[in-house]
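One structure is given here, and the rest of the page talks about it.
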Amino acid sequence: MKRKTGQDRSVTQKWRPATRAIRGGTARSEWGETSEALFLTSGYSYDRAGDAAARFAGEQAGMTYSRLQNPTVEMLEERIALLEGAEACRTMATGMAAMTAALLCQLQTGDHVVAGRAAFGSCRWLTDTLLPRFGIATTIIDARDPQQFVDAVRPETKLFFFETPANPTMDVVDLRAVCAIARERGIRTVVDNAFATPALQRPLDLGADITAYSATKMMDGQGRVLAGAVCGSAQFINEELLAFTRNTGPTLAPFNAWVVLKGLETLDLRIRRQSESALIVAKFLEQRVATVNYPGLPSHPQHALAMSQMDAAGPIFSLEVAGGREQAHALLDALELIDISNNIGDSRSLMTHPASTTHAGVSAEVREQMGVREGLLRLNVGLEDVDDLLDDLAQALDRAGL
Ligand SMILES: *Cc1c(COP(=O)(O)O)cnc(C)c1O
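Sequential numbering of the sequence shown, starting at 1184, is according to our numbering.
Shown next, in the form of structure tokens:
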């Protein structure tokens, strides 16, 4: 298949992941630049009026307007598609734009969605508030148990929507089992794969139909820009999703696309190092606090499942202190190196108290059901020397009385 980027899929698909992350999607301009060019342009010009007409009619290759196409953005889309092993990818302005578009482009009044209860706060707003407003029913289940998907299915069920590992409780969903349940019933699966990224977990290989990303997290990886992406079949992306996004406009800015292109070049290195450090930090914390929820730990109830579908457990996990919000805040306030920040996927180590930040918009009752309790903290383990992180956590735990 000849790509618009000038690369040939029959060649690029033979590349191993690290090569795809560096070279996938690159389309050089007439100047032969080594790094991808940043095309800051909203429009495109045509040699003749007939060319404009032909491009708008889809009869001539080329770009018409940057809400629809942009060379830098297309390079990123091709790179992510290659990493994901997807036929196609469409990027979005943010992760939430990606989630919203992935759902709304294929749902209509009367449809039913089954969604995992442990989820990013805004994803829960989509399933609990936005979709029902348009007559799309949702059933929220404990996605750790595949049987709950089976039990929730109705004749009008169109989608399963979940994340794994889930933010911030680190619940793991059995991708093979749940995607098989969906396929048997003609239901599509949309997997929010932000925590793992294609560097650690490729849901499409395990039977998922669609993956959706906050590229703000590990893909940029350095806390600079917001971005999102949706991957799936060419039919889904180019016909269903594109019709929705080209007319509603959650387009990724070319500059942000360029930043994520650079981020992807080091994704594999970063996520493996951060996963190694996260395991060391999680083992240390396990000795000091009530609970550590990290699928990479042998003590995690879903460790074996997580390791059967992920190459490593990633940089993010949560922990619970016995003293509720007061002690959780005290631990945060005692940190000297690790920042108090609700972002994740950054090269810096960051810690937040979900109940009072990322999940503050979710009702206390729903937080309790999700396992987002008052003593829960979420940690993103960065690229600093892991011994400095251990030193900081040790002194902060002492000062917080843990
Ligand atoms: C951050 C995040 C989102 C939202 O992404 P934005 O880029 O912040 O819009 C969605 N899902 C998960 C799992 C996330 O961590």
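Idealized CB from N, CA, C, for every residue including glycine.
Ligand 3 heavy atoms versus the CB of residue i: any closer than 7 Å?
i	result
residue 1446	What this structure holds is ligand 1, not ligand 3.
Helix, strand or coil: which one does DSSP assign to residue i?
i	result
residue 1430	helix
residue 1512	helix
residue 1486	helix
residue 1231	coil
residue 1501	strand
residue 1197	coil
residue 1341	strand
residue 1439	helix
residue 1216	coil
residue 1572	helix
residue 1263	helix
residue 1324	strand
residue 1362	helix
residue 1237	helix
residue 1356	coil
residue 1544	coil
residue 1476	strand
residue 1294	coil
Relative to the C-alpha of residue i, which residue among the options is closest?
i	options	result
residue 1555	1541, 1565 and 1568	1541
residue 1191	1199, 1204 and 1208	1208
residue 1291	1341, 1251, 1275 and 1269	1341
residue 1268	1408, 1538, 1212 and 1382	1382
residue 1332	1310, 1362 and 1314	1362
residue 1224	1476, 1254, 1513 and 1274	1254
residue 1355	1469, 1203, 1376 and 1367	1376
residue 1248	1560, 1368, 1277 and 1434	1434
residue 1416	1502, 1293, 1388 and 1323	1388
residue 1300	1440, 1284 and 1321	1321
residue 1350	1283, 1580, 1265 and 1500	1500
residue 1227	1220, 1211, 1206 and 1250	1250
Distance check for residue j and residue i, CA to CA, integer angstroms please.
i	j	result
residue 1233	residue 1246	14 Å
residue 1319	residue 1413	21 Å
residue 1457	residue 1565	6 Å
residue 1497	residue 1483	14 Å
residue 1348	residue 1257	28 Å
residue 1305	residue 1372	19 Å
residue 1515	residue 1575	11 Å
residue 1485	residue 1422	37 Å
residue 1187	residue 1235	Only weak support is given to the placement of residue 1187: the predicted model assigns it a pLDDT of 47, under 50, and the value that follows is read from those uncertain coordinates. If you take the alpha carbons of residue 1187 and residue 1235, they lie about 18 Å apart.
residue 1231	residue 1238	11 Å
residue 1263	residue 1584	45 Å
residue 1450	residue 1519	27 Å
residue 1213	residue 1397	32 Å
residue 1316	residue 1411	24 Å
residue 1536	residue 1469	18 Å
residue 1418	residue 1461	38 Å
residue 1392	residue 1343	10 Å
residue 1544	residue 1244	45 Å
residue 1272	residue 1260	5 Å
Could you tell me which residues DSSP pairs with residue i in its beta bridges?
i	result
residue 1563	1499 and 1533
residue 1526	DSSP output for residue 1526 lists no bridge partner at all.
residue 1299	1324
residue 1460	Beta-bridge pairing links residue 1460 to no other residue.
residue 1205	According to DSSP, residue 1205 bridges with nothing at all.
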